[in-house]
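Asks: Chains as they are written, first to last, in the UniProt record's numbering: chain Z, 1 to 240; chain H, 1 to 240. From the three backbone atoms N, C-alpha and C, an ideal C-beta is built for every residue, glycine too. Bear in mind that the values here come from a model prediction, so they are computed numbers and not experimental data.
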DNA sequence: TAGTGGTCTAGACCACAAA
DNA sequence: TTGTGGTCTAGACCACTAT
């Protein structure tokens, strides 16, 4: 059976299991094979199997019940954006048309306030990128983002029109670590309102995001003002 | 040294390490002891040490960097509520005065719409609880919550004034599994506005929460309308 | 090159769910 | 009672960081 071949790591195994889940292979029972069966099927250790299941569980795709099995969770409804782990809006919506309209792209020097936010020295060089982001031609958010030039030596409008995260990961070789978000209520500026096709002063869910590399250094901060109708979010978490 | 004694599980070890972090023991280096040192200090296996660190990392308290060490993350600022894992607002703010004013507490039968939300049959008994929640005497949210009577056989106003989650966990012996949240923009009803001391029609961050037991069964759903000034949220996530 | 976290194998026992 | 996931020990090697 084809899924027996060539599994070498928990991430690879997680990917294969995700595939089988999405193909509906387990929809009858609603459960994954048992750990012992997966050990047998993929010829890996229990540690590896448990690691793969932990990856899927952290992503909210399955939930293990002791003594009973690993259950596939209900489908997440379609139109929501994940809060928490994200590798960029483009990766979040693989089968949707994601567009970014670059309003501004400039290399600036951090003033006192920005330096504090970026954990850098005053005067350090920072890319400032303002974009309107839309999904399936619906405006989603007005984003103001800053990137430390130390880690992103080059940037242009064409790159900013696409996925900056994919650029940083694939072309610059940066490895992402974790990010902090703060969510609160904000209000649209005139320019944000114009681009989102709303009115100045309209309320917006505002997310401040600080993103760190795997070495713990901040490389990117951003402020997103989300369209109050078009943007919804979901979060799936363990309570244990 | 006192921290060497009596560690039997990753959760226990995580608790002890958290204590040492909060006491500032590692503030000089910003790093935890190495895995090998922790193995030595607590006389446990590497697996156990790694498990404890994973618990802290999942909670956003530390971040491990391969080849370098396990770093303590910056303090989370004070006044924010966690999105993602939560065991109730009371547990989230251990050193604040959390009050709940019960507006309504009734045992009802699920209509078609509620039955769908609660994953139960039409006509099943459900507790409906409406509360104004406040932290340090500031109104935070207007909450409408439903609890399946199947899992919560008894409820009264006194219990609802306190922590329903503590009641369910400690007195009813329920074990929580995971929860799904949907975050979007909402608008205050007249009653919600009155209680939150805002105006009808004011915007509010709205969080719909479905909470499941560790056996995968939904036991509680709720809708929270948050005060747009008093309520802010944070989320810390891994990007790996 | 040495130190440190990441992954993996192999094997054991425990806690909980379901029959 | 049996099956299944949760935790733990012991030991090994790999990948990345820092020097």
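1. In the DSSP output, what is residue 256 of chain Z paired with across the bridge?
2. With a threshold of 8 Å between beta-carbons, can residue 151 of chain Z be considered close to chain H, or not?
3. Helix, strand or coil for residue 238 of chain Z? Go by DSSP, reduced to three states.
4. From the DSSP output, read off the bridge partner residues of residue 175 of chain H.
5. Using 10 angstroms around the beta-carbon of residue 147 of chain Z, count the other beta-carbons present and answer buried if the total reaches 16, otherwise exposed.
6. Are there three or more Cβ pairs, one per stretch, closer than 8 Å when the stretch 49-65 of chain H is compared with the stretch 10-26 of chain H?
7. Could you name the residues of chain H that residue 80 of chain Z contacts, counting a contact when the two beta carbons are closer than 9 Å?
8. Where does residue 60 of chain H fall in DSSP's three states?
9. Which one or two residues does DSSP pair with residue 184 of chain H in a beta bridge?
10. May I have the straight-line CA-CA distance separating residue 95 of chain Z from residue 231 of chain Z, to the nearest angstrom?
11. Would you call residue 181 of chain Z buried or exposed, if buried means 16 or more other Cβ atoms sit within 10 Å of its Cβ?
12. Kindly list, in the order they appear in chain Z, the residues whose Cβ is closer than 8 Å to that of residue 179 of chain H.
13. Mapping the DSSP letters down to three states, classify residue 74 of chain Z as helix, strand or coil.
14. Work out the CA separation of residue 161 of chain Z and residue 101 of chain Z for me, nearest whole Å.
15. Considering only C-alpha positions, which residue in the set Z/70, Z/176, Z/134 is nearest to residue 35 of chain Z?
16. Take the Cβ of residue 154 of chain Z as the centre, count every other Cβ of all protein chains shown within 10 Å, and call the residue buried at 16 or more, exposed below.
17. What are the boundary residues of the beta strand (DSSP E) that residue 35 of chain H is part of?
18. Taking DSSP as the reference, what is the three-state secondary structure of residue 151 of chain Z?
19. Taking 8 Å as the CB-CB cut-off, is residue 126 of chain Z touching chain H?
20. For residue 235 of chain Z and residue 84 of chain Z, which I take to be in contact (beta-carbon distance under 8 Å), what is that distance rounded to the nearest angstrom?
21. Distance check for residue 190 of chain H and residue 114 of chain Z, CA to CA, integer angstroms please.
22. Counting only beta-carbon atoms, is residue 219 of chain H nearer than 8 Å to chain Z?
23. Can residue 219 of chain Z and residue 179 of chain Z be called in contact, C-beta distance under 8 Å?
24. Determine the DSSP secondary structure at residue 224 of chain Z, reduced to helix, strand or coil.
25. Which term fits residue 6 of chain H, buried or exposed, when burial requires 16 or more other beta carbons within 10 angstroms of its beta carbon?
26. Anyone know if the C-beta pair for residue 89 of chain Z and residue 133 of chain Z falls short of 8 Å?
27. Might you give, ordered along the chain, the residues of its own chain that have their beta carbon closer than 6 Å to the beta carbon of residue 123 of chain Z, omitting 5 neighbours on each side?
28. Report all residues from its chain with a CB closer than 6 Å to the CB of residue 2 of chain H; omit the five preceding and five following residues, and keep chain order.
29. Any residues in the stretch 87-102 of chain Z with a beta carbon nearer than 9 Å to a beta carbon of chain H? Which ones, in chain order?
30. Quick check: the Cα distance between residue 228 of chain Z and residue 67 of chain H, rounded to an integer number of angstroms?
31. Hey, out of Z/159, Z/64, Z/205, whose CA is closest to residue 31 of chain Z's CA?
32. Evaluate residue 192 of chain H with the Cβ neighbour count: other Cβ atoms within 10 Å of its Cβ, from every protein chain shown; 16 or more gives buried, anything less gives exposed.
33. For the stretch 87-114 of chain H, which segments carrying the beta strand (DSSP E) assignment without a break, of at least 3 residues, lie completely within its bounds, in sequence order?
34. Buried or exposed for residue 42 of chain Z, going by 16 or more other Cβ atoms inside 10 Å?
35. What are the partner residues of residue 69 of chain Z, as DSSP defines its beta bridges?
36. Apart from the five residues on each side of it in sequence, which residues of its chain come closer than 6 Å, Cβ to Cβ, to residue 119 of chain H?
Replies: On the basis of the data shown:
1. The question about residue 256 of chain Z has no answer here: the residues shown for chain Z are numbered 1 through 240.
2. no
3. strand
4. Per DSSP, none; premise fails for residue 175 of chain H.
5. buried
6. yes
7. 182, 183, 184
8. coil
9. H/206
10. 17 Å
11. buried
12. 236, 237, 239
13. coil
14. 6 Å
15. Z/70
16. exposed
17. Residue 35 of chain H -> not in any beta strand (DSSP E); alpha helix (DSSP H) instead, spanning 35-42.
18. coil
19. no
20. 6 Å
21. 40 Å
22. no
23. no
24. strand
25. Only weak support exists for where residue 6 of chain H lies, its pLDDT of 49 falling under 50; the value from the coordinates is given anyway. Label assigned to residue 6 of chain H: exposed.
26. yes
27. 109
28. With a pLDDT of only 38 at residue 2 of chain H, under the threshold of 50, the placement of this residue in the model should not be trusted, and no figure is reported.
29. 87
30. 44 Å
31. Z/64
32. buried
33. 98-109
34. buried
35. Z/65
36. 218
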